[in-house]
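Under UniProt numbering, the residue at position 176 of the sequence shown is numbered 176, and the numbers go up by one with no gaps. We put the beta carbon where it would ideally sit given N, CA and C, even for glycine. Remarks on the structure that follows.
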Amino acid sequence: MSLALQQYEYLSADGLLSNHLALAGVWQLPPNGIVKINVDASILSSDSVGLGVVCRDSAGLVLACAFKRLHGSWQPYVHEAMTIVYGLQLALDLSFFSVIVESDCKHFIDRLSSFVRLRNGLSMILSDCLHLQVRLQSCSWSFAHRECNKPAHFLVKSDADLENICLDGGYSLFYCPLAEPESFFFFFDVFKYFF
């Protein structure tokens, strides 16, 4: 057996390989039956923020994507926290009940993971996340470096005039207003080029 194969088996057996790949900036597949929800936020202008969500299954296939614009300006970690709420709401709307939520906002992921109660504006968003979490069968929080979050980052940085939800299924368009008037469904498989 080669030395490389021995090292691979050793790292895989102890779970060290997946930790190493995550640290190296490689997106990891979720386990079977789990949907990974990558989220990202970006300042679009002085008075608006974009929220991007990409949901993928254990094969890495894009199940759904969402983009929404919010008018207002907050601290960057607040934008990211609002995106996590948006991702959890999307998961519930699409009946994804076992999820891993992944964000490049370590500050908020650490707060969610440790259940630390905050005494600021972020505490309400933290509370929203935890209330949505209990409606799911399984929900865990994961920090991901920006390199692991490229599709969500691309989505939020792409066309700032585009506000929609993309569902896997080809290139045809389907318009359907959601609860919020600025969100729309449409089918478009743009993310296959990122994997």
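Check: Per-residue burial, LEU173 [other beta carbons within 10 Å of its own, 16 or more giving buried]; Outcome: Low confidence applies to LEU173: its pLDDT is 30, below 50, so where it sits in the model is not reliable enough to give any reading.
Check: Every unbroken alpha helix (DSSP H) inside the UniProt domain "RNase H type-1" (38-157) [4 residues or more]; Outcome: 76-93, 106-114, 122-133 and 150-157
Check: Residue from PHE97, LEU126, SER95 and VAL54 whose Cα sits closest to the Cα of ALA107; Outcome: Before going further, note that residue 107 is His rather than Ala in the sequence given. Closest by alpha carbon: LEU126.
Check: Check whether GLU102 and ALA144 have beta carbons under 8 Å apart; Outcome: yes
Check: Contact under 8 Å by Cβ, ILE37 with VAL53; Outcome: yes
Check: Beta carbon of LEU92 nearer than 8 Å to that of CYS55; Outcome: no
Check: SER113 versus ASP57: straight-line alpha-carbon distance, rounded; Outcome: 22 Å
Check: LEU61 classed as buried or exposed, judged by whether at least 16 other C-beta atoms fall within 10 angstroms; Outcome: exposed
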